[in-house]
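Written out below as structure tokens is the structure these notes cover.
In my numbering, the protein residues as written are 129 to 408.
The structure is reproduced here in structure tokens:
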């Protein structure tokens with residue numbers, strides 16, 4: 129199959145500013161800023177004309193071992209409206225997803241801990257196209273926080289923090305998800321740890337600097353049975369996949385406004401057992 133030319137679009141990135149060499153990036157969550165402590169010290173920049181590659185013709189090359197993501201083909205038997213019912217999500221979709229991910233990654237256990245429905249409405253602000261990532265600190269906080277009293281089971285085994293993203297309607301042309309090929313990111317140069325400061329504690333994420341070396345990818349006309357599965361962090365120190373939605377230049381007024389579900393999970397592996405990669 130011929131490889132199509134990439135589309136050109138824009139995203140927001142953390143600006144490369146000398147102050148971040150000595151100043152920790154932070155953002156206040158669920159608390160009011162003050163004159164001395166503003167909401168955030170982030171400086172975002174909008175980067176135009178980013179090439180975003182349709183990897184549908186090369187899906188066999190996508191895996192946790194290479195790009196850091198793969199596309200899972202899974203028919204849930206549910207329609208978009210079913211996802212408004214929490215009971216159906218919990219009883220049908222999440223167990224299906226956990227079983228499929230466990231098989232694909234040759235895992236011993238998949239622990240889903242969160243999901244979020246996202247529906248874009250024409251009267252609501254559009255996505256800001258900001259890029260996201262996770263950190264090694266995140267995975268340690270999660271696996272211990274979610275398994276209190278059971279540290280022995282999770283403490284000495286390899287663990288990955290994994291996201292899954294599924295459109296509820298398709299084909300997806302309105303603000304599709306873009307993923308950055310992990311091989312094209314230099315964590316030491318392109319990522320900055322960001323503290324998310326909330327009343328109940330502080331967590332971490334990684335803000336992303338733009339680099340022309342980065343290779344951004346998506347799959348054109350993604351369907352509801354096609355689910356992105358991508359790594360967010362790994363207990364072995366491997367960096368997670370930077371990701372962002374983006375405005376597709378070919379979107380028309382007749383396309384569905386994007387509706388999606390994002391699922392977060394921890395994936396555990398038995399000691400001495402080779403993890404799978406999700407490769408087709």
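Ideal placement from N, C-alpha and C gives every residue a C-beta, glycine not left out.
Contact annotation: residue 304 and residue 352 have beta-carbon atoms that are not nearer than 8 Å.
Under the DSSP assignment, residue 132 falls outside any alpha helix (DSSP H); it carries neither an H nor an E label. For the set 405, 407, 297, 396, the Cα lying nearest the Cα of residue 235 is the one of 396. Across the set 389, 399, 224, the C-alpha of 389 shows the shortest separation from the C-alpha of residue 246.
Listed in chain order, the non-local C-beta contacts of residue 138 below 8 Å within the same chain comprise 174, 175, 176, 177, 178, 257, 374, 375, local neighbours out to five positions each way being set aside. Restricting attention to 316, 142, 238, 163, the CA atom closest to the CA of residue 391 is found in 238. Nearest to residue 226 by C-alpha distance, out of 403, 288, 393, is 393. Secondary structure in the segment 133-215: the beta strand (DSSP E) runs of 3 residues or longer, each lying completely within the stretch, are 135-142, 153-156, 172-182, 197-201 in chain order. With fewer than 16 other CB atoms across the displayed protein chains lying within 10 angstroms of its CB, residue 149 is exposed.
Here residue 182 has 132, 348 as same chain residues with Cβ atoms under 6 Å from its own Cβ, once five neighbours each way along the sequence are excluded.
DSSP lists 180, 308 as the beta-bridge partner residues of residue 344.
Burial is judged here by how many other beta carbons sit within 10 angstroms of a residue's own beta carbon; residue 380 has fewer than 16 and is exposed. With respect to the C-alpha of residue 370, the residue from 287, 136, 189, 140 having the closest C-alpha is 140.
Here the alpha carbon of residue 210 sits roughly 26 Å from the alpha carbon of residue 372. In this structure residue 400 is exposed. Its beta-carbon is surrounded by fewer than 16 other beta-carbon atoms within 10 angstroms.
Taking a C-beta distance under 8 Å as the contact criterion, residue 156 and residue 325 qualify as a contact pair. Judged by their CB atoms, residue 158 and residue 299 are not nearer to each other than the 8 Å cut-off. Residues 171 of the same chain have their beta carbon placed closer than 7 Å to that of residue 145, with the five preceding and five following residues left out of the count.
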